[in-house]
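Below: one structure, written as structure tokens.
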Amino acid sequence: MITLKFILNGKEVSITTEPHIRLLDLLRDKFDLTGTKEGCGVGECGACTVLMNGRAVNSCLALAAQVEGYEIVTIEGISNGDVLSPLQKNFLLHGAVQCGFCTPGMVLSAAALLDQTPNPTEEEIKDAIAGNLCRCTGYKQIVDAIKETAKELQVK
Amino acid sequence: MNKEFSVVGKRVIREDGFDKITGRAKFADDYKFDGMLYAVMLRIPSAHAKINSIDFSEIENNEAISAIITSADVPGIKKTGLIKNDQPIFCDEKVVTPGDVLAMLVGNSENELRNLVKKAKVDYTELPLITDPAKALDQEAILIHPDNGSNLIVNHHVKKGDVEKGFEKSDHILEQTYTTPLIEHAYIEPEAVTAIPLGFNGVKIIGSIQNPFTARRIVAAVINLPLDKVQIIQAHLGGSFGGKDDTMCILSARAAVAALKANCPVKIRYTREESILESYKRHPYIMNYKVGFSNSGKIIAMKINIIADGGAYASMSPFVTWRSVVQATGPYEIENVHTEVRAVYTNNPYTGAMRGFGSPQPIFANESLMDEIAIHLGISPVEIRKVNALKNGSITATGQKLENHDVNLIQVLDKAIYAADFQNKWRANKKEKPLTKEFDFNNPVLQDYQYVEPDKLIQKGIGLAVSYRGCSLGAEGIDTASAYLSIQNDGTVYLLSGLAENGQGMRTTFAIIAAEALGILPEQIFYLETDTSRIPDSGPTVASRSTLMGGGAVRNAAEILSGRLKKIVKEEFKLSEEDVVSFRENLVFSRKKGLTAKFSEVCKLAYSLGINLATIGYYKSPSVHWDEKSGHGDAYFTYVYGCQVAEVSVNIGTGEVYVNKITAVHDPGTVINKLGAEGQVYGGVTQGAGYALFEGITTEKGLIRELNFDQYLIPTSKDIDVIKPVFVEGKDSYGAWGAKSLGEPTLELTAAAISNAVRNAVGKRFFNLPLNLEEIVLGKKLCPQEVKRGSLQ
């Protein structure tokens, strides 16, 4: 067993766990943060995307032990209580959510993009979510939602 | 759009959006229960084998195993199916496809079970394989299900006029064969379900279940309990596209058997590899079309012969192929038709319902052929379609007269060609001879003649396809839906229907319909959890029938209650008999006296008067009929129409086809939620483009090669550029204000439009989907010879 200390959704946490589990399992099973989904387990679908020090990573490909000292953000840490982030609000306004299974990972990939590239081109948006598979939406409304959010954040 | 509507036709945010965008929405694998165990499947790497024995002696006393479940533990029926009971819950005699499950280990550590299951020793004898559907009906073919007497699952036919005489009268005859591949639904959420034993009360099941009532029927039969002792709750469903029906019924049944035996909640959750391995897929079709036509382009006769690969189990094949036989000639009025469709058993993964349901395949064939006829005659793809198009009053291939709705085929076609500037672009891109160079497999070194000038490398093309689609189940069976509506005394409302939210936005659509009828806002309507114990069986959520059938039921419920409220308003506010009461913007109006009260005040008043403000609304489809013997009938009570125009760039060096734009014009009847409708178009077109360009499951000795998303490629954000949805809202009297179907129509014709665009770009016709790199460059499919990958061995 190992003990890990890291920042999870803005709070310092400490947990003792088996060393071999994935970050995805740590979040879902030990912290009950089930917003992070498993779609393929091999880093292809992006449903398990979380932020590690601001970068979007597939939590199915990260070992839990890798989070020591890191700042992790999951979908549960994106909104402020019941107040949606601009990205979340725009996802809803643009119809970017259908079944919703890819949505948490998609939002986090988009959040990482807007953090690093506040005014992305359409190609940059498509690149940022190219590792997040969605079978429902055809991505159009997701791209629109991210574009609109970037625009709003620019105005601010 | 009808101007009288206050919420119908607007862009309404999803009713379940907040929970989904915050990660709070619970999907099937997000549920945990005290004492919950897991179940792990035992399979063998064979597509056809006789099981001699299964030896658990090495593991049966292992502490990690709470129970081992085999066919012997199934208290009720041992084989099940949606139409034919040919699929074992657990195989005990033979396996007929590699997804088959022999037994299940139950315990609290899924990881340990996955290791232990490898130690079960299965003694089995390999049997000859049938993987080519064209050979399944050969005399010498081994029978996959001997009790069926043959490998034929079903044979449908449609006959109209006399095709042979029609061919004699024709000026031209074309004959072509087309094939389509095996397609995975690829919902991003893999299957998951938990069964919770309830003692004398039976079992409760929560899972990623597309059709809760079908699951209930099958679970009840498998565990031998009456229907009321099986409660199915649908978790938020992470995509289905027709794919979480049979598989989820069987997984629910397995979980129930295990939960009752272990007396603990038991969860089954699949990895992606298991999901692709065991779940059913879209049918591959082999389609031969022979068509006779006049110099003017009028089609005189069409003879169609289709073989559908049903795979190892019948599943929905009889219904899937029935839709094919009804619609195979396309949306054209043809005097002489003979269509035969046979579905056969093979040892391939079994095939069933998938978005499109027997239409994407014949549409690819038929719409490719229409373009070939046009090219043959030197006329445009638009003209050939207009000459033959179904119109109001036309008689379909099955002898049905199209009436009582707007037959808007030419309208959607005109709108699409105008929006995409089709005619000019088609003529400009047209190629007289093939640009792709023949490839010599015996000498695979590029020759001088194969050199392509850099500026000729990328070729543009444009193509179109049209389709019509019968709405809902048609003559497949009983077609009814119910909705529960309960108005609270503050004017808020509970709503629940017997149909299921699969991610498509049905709950929002129903909330809009109820809000419209009650003159309130969709946000005031709280949609209840889908639970088979709370609402009448409304049939399956399939066939793009929710908006039409469920919407009809919701409207009925809302109108029953608004009728009761209107009566009270008249009495309490002493309105005259002939006055008309209406509800709008949470207010109640009298035609004569104007604003009369707030909606919430009237609800409170009704409550104080003891008026019942809860009801079940009901909608039953108008009658349809089908004579299987003659292949005639009014197959569906109404139809929808669509036209898509594809614009592509083809790299004739690499074979890459890039979709620059799809203009998608659909007549779904009245649009209820513009935002949701557009989402259906974007999503359906994107799935259709994947079908056109790169998706396909291939097998080697019956074993699937593409078991995860590293090999089974679905479209990403980078694969398709612009999609432009356009709606033509034809009039219809059915459902909620004539709102019909959209989910499947958006997907079914995209591949055909893209294929026609590729033909326009490179001057060569392709007959076999997908149009991937090797198909374009080499004219054949390439596959690795061995299956060596994936977490399943």
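As you go down the protein sequences, you meet chains X and P in turn. Each residue of the first sequence is one higher than the last, beginning at 1 in the working numbering. Each residue of the second sequence is one higher than the last, beginning at 1001 in the working numbering. Note that beta-carbon positions come from the ideal geometry of N, C-alpha and C, so glycine has one too. All figures in this text were calculated on a predicted structure; none of them were measured in a lab.
Against chain P, with Cβ distances strictly below 8 Å, would residue i count as a contact?
{"i": "Leu-51 (chain X)", "result": "no"}
{"i": "Ser-59 (chain X)", "result": "no"}
{"i": "Thr-34 (chain X)", "result": "yes"}
{"i": "Val-107 (chain X)", "result": "yes"}
{"i": "Val-13 (chain X)", "result": "no"}
{"i": "Ile-75 (chain X)", "result": "yes"}
{"i": "Ala-145 (chain X)", "result": "no"}
{"i": "Leu-114 (chain X)", "result": "no"}
For a contact defined as C-beta to C-beta under 7 Å, what are the partners of residue i on chain P?
{"i": "Gln-141 (chain X)", "result": "Gly-1679 and Tyr-1682"}
{"i": "Glu-44 (chain X)", "result": "Asn-1708, Phe-1709 and Asp-1710"}
{"i": "Phe-101 (chain X)", "result": "Phe-1027, Ile-1188, Glu-1189, Gly-1238 and Gly-1239"}
{"i": "Ala-130 (chain X)", "result": "Thr-1716, Ser-1717 and Lys-1718"}
{"i": "Glu-68 (chain X)", "result": "Going along chain P, no residue has its Cβ under 7 Å from Glu-68 (chain X), so there is no contact; the nearest lies around 23 Å."}
{"i": "Pro-104 (chain X)", "result": "Gly-1023"}
{"i": "Leu-27 (chain X)", "result": "The premise fails here: Leu-27 (chain X) is roughly 11 Å from chain P at the closest Cβ pair, so nothing lies under 7 Å."}
Please confirm if residue i has its CB atom under 8 Å from at least one CB of chain X.
{"i": "Met-1001 (chain P)", "result": "Confidence at Met-1001 (chain P) is low in this model, with a pLDDT of 41, below 50, so the placement of that residue is unreliable and no value is reported for it."}
{"i": "Val-1685 (chain P)", "result": "yes"}
{"i": "Asp-1030 (chain P)", "result": "yes"}
{"i": "Lys-1010 (chain P)", "result": "no"}
Between the options, which lies nearest to residue i when the distance is taken from Cα to Cα?
{"i": "Ile-1209 (chain P)", "options": "P:Asp-1100, P:Glu-1501 and P:Thr-1480", "result": "P:Glu-1501"}
{"i": "Lys-1796 (chain P)", "options": "P:Met-1302, P:Tyr-1187 and P:Met-1248", "result": "Nothing about residue 1796 (chain P) can be reported from this structure: the residues present for chain P run from 1001 to 1793 only."}
{"i": "Glu-1403 (chain P)", "options": "P:Tyr-1639, P:Val-1602 and P:Lys-1570", "result": "P:Tyr-1639"}
{"i": "Thr-137 (chain X)", "options": "X:Lys-147, X:Asp-127 and X:Gly-100", "result": "X:Gly-100"}
{"i": "Asn-9 (chain X)", "options": "X:Ile-2, X:Asn-80 and X:Ala-62", "result": "X:Asn-80"}
{"i": "Lys-1229 (chain P)", "options": "P:Phe-1213, P:Ser-1240, P:Phe-1241 and P:Ala-1235", "result": "P:Phe-1213"}
{"i": "Asp-1123 (chain P)", "options": "P:Gly-1149, P:Ala-1141 and P:Val-1095", "result": "P:Val-1095"}
{"i": "Ala-1646 (chain P)", "options": "P:Met-1316, P:Ile-1662, P:Gly-1653 and P:Gly-1076", "result": "P:Ile-1662"}
{"i": "Thr-1436 (chain P)", "options": "P:Ala-1543, P:Glu-1058, P:Leu-1082 and P:Arg-1759", "result": "P:Arg-1759"}
{"i": "Gly-1207 (chain P)", "options": "P:Glu-1529, P:Lys-1674, P:Pro-1668 and P:Asn-1756", "result": "P:Glu-1529"}
{"i": "Phe-1422 (chain P)", "options": "P:Lys-1118, P:Leu-1693 and P:Glu-1383", "result": "P:Glu-1383"}
{"i": "Ser-1741 (chain P)", "options": "P:Leu-1152, P:Cys-1091, P:Thr-1532 and P:Gly-1550", "result": "P:Gly-1550"}
{"i": "Ala-1039 (chain P)", "options": "P:Ile-1375, P:Tyr-1270 and P:Ile-1487", "result": "P:Tyr-1270"}
{"i": "Phe-1005 (chain P)", "options": "P:Tyr-1641, P:Ser-1755 and P:Arg-1584", "result": "P:Arg-1584"}
{"i": "Leu-24 (chain X)", "options": "X:Ile-146, X:Ile-15, X:Asn-90 and X:Thr-36", "result": "X:Thr-36"}
{"i": "Ile-1068 (chain P)", "options": "P:Val-1762, P:Phe-1090, P:Gly-1081 and P:Lys-1079", "result": "P:Phe-1090"}
With C-beta atoms as the reference, is residue i less than 8 Å away from residue j?
{"i": "Lys-1050 (chain P)", "j": "Leu-1127 (chain P)", "result": "yes"}
{"i": "Cys-40 (chain X)", "j": "Arg-1216 (chain P)", "result": "no"}
{"i": "Ala-1614 (chain P)", "j": "Ala-1553 (chain P)", "result": "no"}
{"i": "Leu-189 (chain X)", "j": "Glu-124 (chain X)", "result": "Residue 189 (chain X) lies beyond the range of chain X shown here (1 to 156); nothing can be said about it."}
{"i": "Pro-1799 (chain P)", "j": "Lys-1281 (chain P)", "result": "Chain P is shown only over 1001 to 1793; residue 1799 (chain P) falls outside these bounds and no answer can be derived."}
{"i": "Leu-1605 (chain P)", "j": "Ile-1568 (chain P)", "result": "yes"}
{"i": "Ser-1071 (chain P)", "j": "Pro-1088 (chain P)", "result": "yes"}
{"i": "Val-1007 (chain P)", "j": "Pro-1522 (chain P)", "result": "yes"}
{"i": "Leu-87 (chain X)", "j": "Ala-110 (chain X)", "result": "yes"}
{"i": "Ala-62 (chain X)", "j": "Ile-21 (chain X)", "result": "no"}
{"i": "Gln-1231 (chain P)", "j": "Asp-1531 (chain P)", "result": "yes"}
Going by DSSP, what residue range makes up the beta strand (DSSP E) through residue i?
{"i": "Cys-1643 (chain P)", "result": "1639-1651"}
{"i": "Leu-1485 (chain P)", "result": "1480-1487"}
{"i": "Asn-1052 (chain P)", "result": "1049-1055"}
{"i": "Val-57 (chain X)", "result": "55-58"}
{"i": "Lys-1303 (chain P)", "result": "1299-1311"}
{"i": "Gly-1463 (chain P)", "result": "1458-1470"}
{"i": "Pro-1725 (chain P)", "result": "1720-1727"}
So the alpha helix (DSSP H) residue i belongs to, where does it begin and stop?
{"i": "Leu-1675 (chain P)", "result": "1674-1693"}
{"i": "Arg-1323 (chain P)", "result": "1317-1327"}
{"i": "Ile-1069 (chain P)", "result": "No alpha helix (DSSP H) contains Ile-1069 (chain P), which is instead part of the beta strand (DSSP E) from 1067-1069."}
{"i": "Ile-1223 (chain P)", "result": "1212-1223"}
{"i": "Val-1762 (chain P)", "result": "1750-1762"}
{"i": "Arg-1272 (chain P)", "result": "1272-1278"}
Just the chain X side, please: which residues come within less than 8 Å of residue i by C-beta, in chain order?
{"i": "Asp-1073 (chain P)", "result": "Ordered by position in chain X, no residue passes the 8 Å Cβ test against Asp-1073 (chain P), which lies about 29 Å from the chain."}
{"i": "Thr-1271 (chain P)", "result": "Gly-41"}
Under 9 Å Cβ-Cβ, which residues of chain X neighbour residue i?
{"i": "Gln-1504 (chain P)", "result": "Gln-98, Cys-99 and Cys-136"}
Can you list the residues of chain X that residue i reaches, using a CB-CB cut of under 7 Å?
{"i": "Glu-1013 (chain P)", "result": "In the sequence as presented, Glu is not what sits at residue 1013 (chain P); that position holds Ile. Within 7 Å Cβ-Cβ: Leu-92 and Leu-93."}
{"i": "Lys-1020 (chain P)", "result": "Val-97, Gly-100 and Thr-103"}
Is residue i near the ligand GTP - that is, is its Cβ less than 7 Å away from at least one heavy atom of it?
{"i": "Gln-1680 (chain P)", "result": "As far as ligands go, the structure on display features none, and thus does not contain the ligand GTP."}
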